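First residue of the sequence shown? That's 6 in the numbering used here, and the numbers climb one at a time after it.
For glycine and all other residues, C-beta sits at the position ideal for the given N, C-alpha and C.
As the structure is a prediction and not an experimental result, all values here were calculated from the model.
Here's the structure we're looking at; comments come further down.
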Amino acid sequence: MSVTKPASDRVFKIGISGSYGGLNLGDEAILQSIVAQLRAAVPCEITVFSRDAKDTAARHKVERSVPVRDLSRDEVRPKVADLDLLILGGAASSTTTRRRSTSAKSRSPRRITCRCWSTR
């Protein structure tokens with residue numbers, strides 16, 4: 006897949022929210038991939054809404070990491086409103102997969118989805 010960079014000098018403010026900062030290797034790998042793809046595609050400043058903001062900032066080298074568990078909804082709202090784009094990424098935070106049976110043959114495959122909303 007080739008990514009064409011926009012000609013604009015604009016730096017996009019992009020937020021990523023999911024099950025990050027909990028030190029789950031799968032979730033952290035998803036975040037690492039999202040960050041790498043964004044940086045390759047557009048000039049951006051990335052904010053991650055995380056359970057462990059210090060670890061997320063150090064591990065993923067993002068411009069901002071917001072400790073969502075320490076803040077109220079009213080304290081987080083202005084941080085989201087300042088973004089150009091909010092991405093909800095990860096497996097557990099954005100999918101609804103039900104398993105009707107415990108047999109391996111009937112299990113639905115886990116889906117990884119990424120949902121995006123423009124905040125402007």
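{"Asked": "May I ask which residues mark the beginning and end of the alpha helix (DSSP H) holding residue 68?", "Found": "Residue 68 -> no alpha helix (DSSP H), and no H or E assigned at all."}
{"Asked": "Taking the straight line between their C-alpha atoms, what separation do you get for residue 75 and residue 59?", "Found": "12 Å"}
{"Asked": "I'd like to check one pair, residue 51 with residue 67: are the Cβ atoms closer than 7 Å?", "Found": "yes"}
{"Asked": "Which term fits residue 31, buried or exposed, when burial requires 16 or more other beta carbons within 10 angstroms of its beta carbon?", "Found": "exposed"}
{"Asked": "Please report how far the alpha carbon of residue 28 lies from the alpha carbon of residue 43, in whole angstroms.", "Found": "22 Å"}
{"Asked": "CA-CA distance, residue 86 and residue 37?", "Found": "24 Å"}
{"Asked": "Applying the criterion that 16 or more other CB atoms from any shown protein chain within 10 Å of the CB defines a buried residue, is residue 24 buried or exposed?", "Found": "buried"}
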